[in-house]
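Input: a single structure, listed below in C-alpha cells.
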Amino acid sequence: MRVIPCLMLLLLASASAVQSQVRNAELGYSLTLPEGFTDFPAARSQKDIVDSWSETAPVSAGGPLVLFVARMHGTLSREAMRQEDVPANTQVVSFKWKGFDVSGLKTLTTQAGQSVFVLVAQVPLRKEAVQLSVAGPADQEGRGHAIMEATLASLEGETNWLTSAERSGRLGRAAGVWIGIAVAAIAILAWRKRRARAA
C-alpha cells in the first residue's frame, strides 16, 4: 500500500518538471522556465513578445523579475553589435549560447520613478532570431544575470550559425574540391602532351 503514495508523488514531481519546459513550435525553440516563474499573459499584448513570465513571489520590494521572448523577424549574422550603434544608457554585452558568443544589451533606466535593469540576448535561431530579455528592479540585477545565463543554457533550437568545426569542415571540403579540380586539370594537360609527342 505504501508504494501507491510514493508512485503518486513521483508522478506529481515529473508532471511539474514537464510543466516548466516551454516549447514554441512556430519559432523552433524550447527552454526550461526558471523556478518560481509563472505565465504573464499581459506582456504578450506588446508588439513581438511571444512568450512572457513573471516571478510569483518577488524577492525585491521593487517588484518581480520578468522574462520575455520576442521575435526579431529575421535571422542574425555573426557580426556582433557595436557600442556606437546603441543608445548612451545602454551597454553592449555578450552571452554564451551553445558555445557561441551572442550579442546582448544591458540597460539601467528608470520606470515610474524606480531604477530598473533590462538584459537582452539575441539568439540566432534558424527559423527566426529571438530576443530573450530579463528585467526587474535594479537591486536584482545580479539575479537577473544568473537567470539569463541559466535560461540561455537551457534554450534549445536549431541555429543558422556554424560552429568552428562545421566552418572548418566546409572549408576543408571546398579546398578538397578545388585541389581535385586542379589535379584533374594537370592530369588532362599531361595526357594531352603525351598524346601530342606520341603522334
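Adding 93 to a residue's 1-based position in the sequence shown gives its number in my numbering.
Glycine residues also receive a C-beta, built at the ideal position from the N, C-alpha and C atoms.
Computed from a prediction, not measured in an experiment: that's the story for all the values here.
When burial is assigned at 16 or more other CB atoms within 10 Å of the CB, is residue i buried or exposed?
i: Gly206; result: exposed
i: Leu158; result: buried
i: Gly197; result: buried
i: Glu251; result: exposed
i: Ser145; result: buried
i: Glu177; result: exposed
i: Ser147; result: buried
i: Leu72; result: Because the chain spans 94 through 292 in this model, residue 72 falls outside it and cannot be assessed.
i: Gln233; result: buried
i: Ala181; result: exposed
i: Arg263; result: Because the pLDDT at Arg263 is just 45, under 50, the model does not fix this residue reliably, and the value given afterwards should be weighed accordingly. Exposed, because fewer than 16 other Cβ atoms sit within 10 Å of the Cβ of Arg263.
In angstroms with no decimal places, state the Cα-to-Cα distance between residue i and residue j.
i: Val216; j: Ala154; result: 31 Å
i: Phe161; j: Gly235; result: 17 Å
i: Arg175; j: Gln224; result: 17 Å
i: Pro230; j: Ala222; result: 27 Å
i: Phe133; j: Ser170; result: 31 Å
i: Glu249; j: Ser123; result: 5 Å
i: Ser208; j: Val227; result: 14 Å
i: Phe193; j: Trp254; result: 9 Å
i: Ala239; j: Phe130; result: 14 Å
i: Lys189; j: Met241; result: 10 Å
i: Thr125; j: Gly237; result: 15 Å
i: Lys191; j: Ala214; result: 13 Å
i: Gly156; j: Gln139; result: 20 Å
So for residue i, helix, strand or coil by DSSP?
i: Pro134; result: helix
i: Glu197; result: Reading the sequence as shown, one finds Gly at residue 197 and not Glu. The answer is strand: DSSP assigns Gly197 an E or B state.
i: Gln114; result: strand
i: Arg204; result: Reading off the sequence shown, one finds Gln at residue 204, where the question assumed Arg. DSSP places Gln204 in strand when its eight states are reduced to three.
i: Gln224; result: strand
Can you tell me where the alpha helix (DSSP H) holding residue i begins and where it ends?
i: Gly235; result: 234-247
Looking at the secondary structure, which residues open and close the beta strand (DSSP E) in which residue i lies?
i: Thr168; result: Per DSSP, Thr168 belongs to no beta strand (DSSP E) and is neither H nor E.
i: Ala231; result: Note, Ala231: premise wrong, no beta strand (DSSP E); not H, not E.
i: Ala144; result: The sequence given here has Asp at residue 144, not Ala. Taken as a continuous stretch (DSSP letters only), the beta strand (DSSP E) holding Asp144 covers 142-148.
i: Gln207; result: 207-216
i: Val185; result: 183-190
i: Thr252; result: Here Thr252 belongs to no beta strand (DSSP E), and DSSP marks it neither H nor E.
Output needed for residue i: all residues of its chain with C-beta closer than 6 Å, excluding positions within five of it in sequence on either side, in chain order.
i: Lys199; result: Gln184, Val186, Leu212
i: Thr168; result: Ala222, Asn253
Cutting at 8 Å between CB atoms, please list the residues of its own chain near residue i, excluding the five before and the five after it.
i: Val303; result: Summary: the structure shown does not reach residue 303, with the chain confined to residues 94 through 292, and so no result is reported for it.
i: Val179; result: Val185, Leu198
Grab me the residues of residue i's own chain with a C-beta within less than 7 Å of its C-beta, minus the 5 sequence neighbours each way, in chain order.
i: Ala243; result: Pro127
i: Ala173; result: Ser196
i: Ala150; result: Gly129
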